[in-house]
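*Asks:* When we follow our numbering, the leftmost residue of the sequence shown carries the number 312, and every step to the right adds one.
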Amino acid sequence: INPSELDKVLDNGLNWALDNDYAIKEDLEHCEENGFLKNADSKLVSQKAKQRAIKQLGSLGSGNHFLEIQKVDAIYNKSVAKKLGIIDKDQIAIMVHTGSRALGHQVCTDSLRNIEQAMRKYNIKVPDRELACVPANTPEAMQYLKNMACAANFGFANRQLITHWLRESFQEHFKRSLDDLDFKLIYGVCHNILKIEEHEVEGKKMKLNVHRKGATRAFPPEHPDIPSDYKSIGQPALIPGTMGSASYLCVGRPKAMDLSFGSTAHGSGRVMSRSKATKLFWGNKVKEDLHNKGITIRAASPKVIAEEAPGAYKDIDQVVQVSHDLGIVEKIVRLIPIGVVKG
312 INPSELDKVL
322 DNGLNWALDN
332 DYAIKEDLEH
342 CEENGFLKNA
352 DSKLVSQKAK
362 QRAIKQLGSL
372 GSGNHFLEIQ
382 KVDAIYNKSV
392 AKKLGIIDKD
402 QIAIMVHTGS
412 RALGHQVCTD
422 SLRNIEQAMR
432 KYNIKVPDRE
442 LACVPANTPE
452 AMQYLKNMAC
462 AANFGFANRQ
472 LITHWLRESF
482 QEHFKRSLDD
492 LDFKLIYGVC
502 HNILKIEEHE
512 VEGKKMKLNV
522 HRKGATRAFP
532 PEHPDIPSDY
542 KSIGQPALIP
552 GTMGSASYLC
562 VGRPKAMDLS
572 FGSTAHGSGR
582 VMSRSKATKL
592 FWGNKVKEDL
602 HNKGITIRAA
612 SPKVIAEEAP
622 GAYKDIDQVV
632 QVSHDLGIVE
642 KIVRLIPIGV
652 VKG
């Protein structure tokens, strides 16, 4: 895309995708914030961030980002699963995990530098530079939120382009229409983001800055920010595992508002660093082990496979069960991988 189109992506998120025939109206309805953060201002995003982004729209990226073809392994609540579009065991689903790519990284780098400088003005000292902060009502805070919204909008559009091309690929391969394939978006969620939300604290309703790092939103039934299709069941929450284990489709429950500001885990979480994983696991051996389990993987390099080896992560079944038992989410569907693409 050209620079002016990129600005439209940053300012409009999924609305840009809809205007350019990469999305249908239902995609926006089934996406957190309808796939668009309103306070974005592309004029504030650095040229370096834009240059890094211009060739990455519609790309997966490396690390723990993935595109996974899955099949339904277990259904725990059939009535809720049906509302989500999951009817049968062995039904095929596709899960995509990626975000704002290099643009988001550069926005973070630029913002960290700006806020570090501002801290001296506000006489703020922190033990670690990555805890950099400024008061919420300052110009620097407002600028950060506008930059972050641009990154989020890029992430929404990025995932949508991948979804669009997936639909085209499945139509071409199976020689069937989208309606025949029932290729609908269940839900698109944000992760690693700050949201300004109203929550109850010690009996008082307050507006809070909710930082979800390694977390995703899980609002309960009837919350005003949930799409009408899902109002009665709660916000869908996607909790992915590893390329060799399960992932879960859950819905938010009322306890989430009391215990975690309407949040749950974004994944199983690592038990070791990527560098340690590359010393303990051999990428080609991991690939062979996955093949023996009936899982096909394609990755940019064996190193990427080693970094994301299943053994480098916690047990997803245990992680989700904790959230389920606490009443933060209800687990609805367990999915297992049959094909994995890593950047």
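Glycine residues also receive a C-beta, built at the ideal position from the N, C-alpha and C atoms.
Near E343, which residues of its chain fall below 6 Å by C-beta distance, leaving aside the five closest residues on each side in sequence?
*Replies:* V500 and C501.
*Asks:* Does any C-beta atom of chain C lie closer than 9 Å to the C-beta of H577?
*Replies:* Absent from the structure: chain C. Only one protein chain is present.
*Asks:* Pick from D421, Y559 and E511: whose alpha carbon is nearest that of M459?
*Replies:* It is D421.
*Asks:* In the DSSP assignment, what residue or residues form a beta bridge with P648?
*Replies:* P648 is bridged to Q381.
*Asks:* Less than 8 Å between the CB atoms is what I'm expecting for P621 and N595, so what's the real figure, rounded?
*Replies:* At roughly 15 Å, the Cβ-Cβ gap does not stay under 8 Å, so P621 and N595 are not in contact.
*Asks:* Going by DSSP in three states, V391 sits in which element: helix, strand or coil?
*Replies:* DSSP places V391 in helix when its eight states are reduced to three.
*Asks:* Below 9 Å between beta carbons: does that hold for E441 and L456?
*Replies:* Contact flag unset, no.
*Asks:* Rounded to the nearest angstrom, what separates A447 and D384 at their Cα positions?
*Replies:* If I take the Cα positions, the gap works out to 45 Å.
*Asks:* Using the beta-carbon count (16 or more within 10 Å), is P551 buried or exposed?
*Replies:* The residue in question, P551, is buried, as its Cβ has 16 or more Cβ neighbours within 10 Å.
*Asks:* Would you report the Cα separation of G346 and S586, rounded to the nearest angstrom?
*Replies:* Roughly 34 Å separates the two Cα atoms.
*Asks:* Could you check the C-alpha separation between K307 and S571 for me, to the nearest Å?
*Replies:* For residue 307 there is no data in the structure shown, the boundaries of the chain being 312 and 654.
*Asks:* Here's a check: name, in chain order, each residue in its chain whose Cβ is nearer than 7 Å to the Cβ of A617, leaving out the five neighbours to either side.
*Replies:* Within the same chain, A617 has close Cβ partners A588, T589, F592, W593, G594 and V597.
*Asks:* Should the stretch 369-388 be called in touch with the stretch 396-405, which here means at least 3 C-beta pairs below 8 Å?
*Replies:* These segments touch.
*Asks:* Distance check for N350 and E337, CA to CA, integer angstroms please.
*Replies:* C-alpha separation (whole angstroms): 23 Å.
*Asks:* What does DSSP give as the partner residues of P621 in its beta bridges?
*Replies:* Looking at the DSSP assignment, P621 forms no beta bridge with any residue, so it has no partner.
*Asks:* Out of curiosity, what's the CA-to-CA distance linking L496 and P538?
*Replies:* When rounded, the distance between both Cα atoms is 13 Å.
*Asks:* I'd like the list of long-range same chain contacts for N469, defined as Cβ closer than 8 Å, with 5 residues on each side in sequence excluded.
*Replies:* Cβ within range, chain order: Q367, L368, G369, S370, T409, G410, S411 and R412.
*Asks:* If I follow the unbroken beta strand (DSSP E) through C561, where does it start and stop?
*Replies:* Where C561 is concerned, the enclosing beta strand (DSSP E) stretches over S558 to G563.
*Asks:* So A548 packs on V640, CB below 8 Å; how close in whole Å?
*Replies:* At roughly 5 Å, the Cβ-Cβ gap stays under 8 Å, so A548 and V640 are in contact.
*Asks:* Just list the residues that DSSP pairs I550 with in beta bridges.
*Replies:* The partner list for I550 (beta bridge, DSSP) reads Y559.
*Asks:* How about N464 and L329: are their beta carbons less than 9 Å apart?
*Replies:* No.
*Asks:* Measuring CA to CA, which of A462, I473, Q471 and F485 is closest to N674?
*Replies:* Lying before the first or after the last residue shown, residue 674 is absent from the chain, which here runs from 312 to 654.
*Asks:* Determine contact between the stretch 562-580 and the stretch 622-630, defined as no fewer than three beta-carbon pairs at a distance below 8 Å.
*Replies:* Output reads yes: the stretch 622-630 touches the stretch 562-580.
*Asks:* For P450, tell me which candidate among T607, K432 and D439 has the shortest Cα-Cα distance.
*Replies:* P450 has its Cα closest to that of K432, out of T607, K432 and D439.
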